[in-house]
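A.B. asks: Sharing a structure below in structure tokens format, with a few things to ask.
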């Protein structure tokens, strides 16, 4: 069995958090495994990509700088029109942890705003708010734009207490920067 086939089998064998966490821990100490995960993330079918994206979240939580070299691959994945919600959510979650580099922040900010004003799942919007805020902080005009988008989420969604709280906290922070 090829190593990628074995890795795919591991990824698909269990939906358990422990399995994804274990693979992330192994990838911290094995750059080849990280490369294999990124390869699978880009080239495999949705179910595998979805599982890899979950591993990447655990990896970002443990070693945020390890995924920085792969932000273009993450960006490419969410620009795919057929990408599913789990991958969008997990990539946004990774970026909310790791931040993004200046060279791609404009593109990523635009994607975040499109997620906020579009019909994305609430979890995607929540992580997109965090990523967009990280990018917008030094720019009052971006903070104003983000504030309008967040206010729109607050008004449009049948907002739960959690999303209302997140939006209101973010609006308060944005008001300090506008």
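Numbering (our numbering), first residue to last: 3 to 180. Here a beta-carbon is modelled for each residue, glycine too, at the ideal position from N, C-alpha and C. Here the structure is a predicted model, which means the values were calculated and not measured.
With DSSP as the reference, label residue 129 as helix, strand or coil.
C.D. replies: helix
A.B. asks: When DSSP labels each residue in this structure, what does residue 100 get in the three-state scheme?
C.D. replies: helix
A.B. asks: Which same chain residues end up closer than 6 angstroms to residue 75 when comparing Cβ atoms and leaving out the 5 residues on each side of it in sequence?
C.D. replies: 40, 44
A.B. asks: Alpha carbon to alpha carbon, what distance is there between residue 116 and residue 3?
C.D. replies: Low confidence applies here, because residue 3 scores a pLDDT of 46, under 50, leaving its location unreliable; read the following figure in that light. If I take the Cα positions, the gap works out to 42 angstroms.
A.B. asks: Let me confirm a value: residue 95 is counted as buried when at least 16 other C-beta atoms fall within 10 Å, else exposed. Which label applies?
C.D. replies: buried
A.B. asks: Quick one: what's got a C-beta closer than 7 angstroms to residue 26's C-beta in the same chain, skipping five residues either side?
C.D. replies: Excluding positions up to five away in sequence, the list reads 57, 60, 61, 64.
A.B. asks: Which residue's Cα is closest to the Cα of residue 179: 7, 87, 136?
C.D. replies: 136
A.B. asks: Among 20, 68, 175, 87, which residue has its Cα nearest to the Cα of residue 31?
C.D. replies: 68
A.B. asks: Any idea what DSSP makes of residue 139, helix, strand or coil?
C.D. replies: coil
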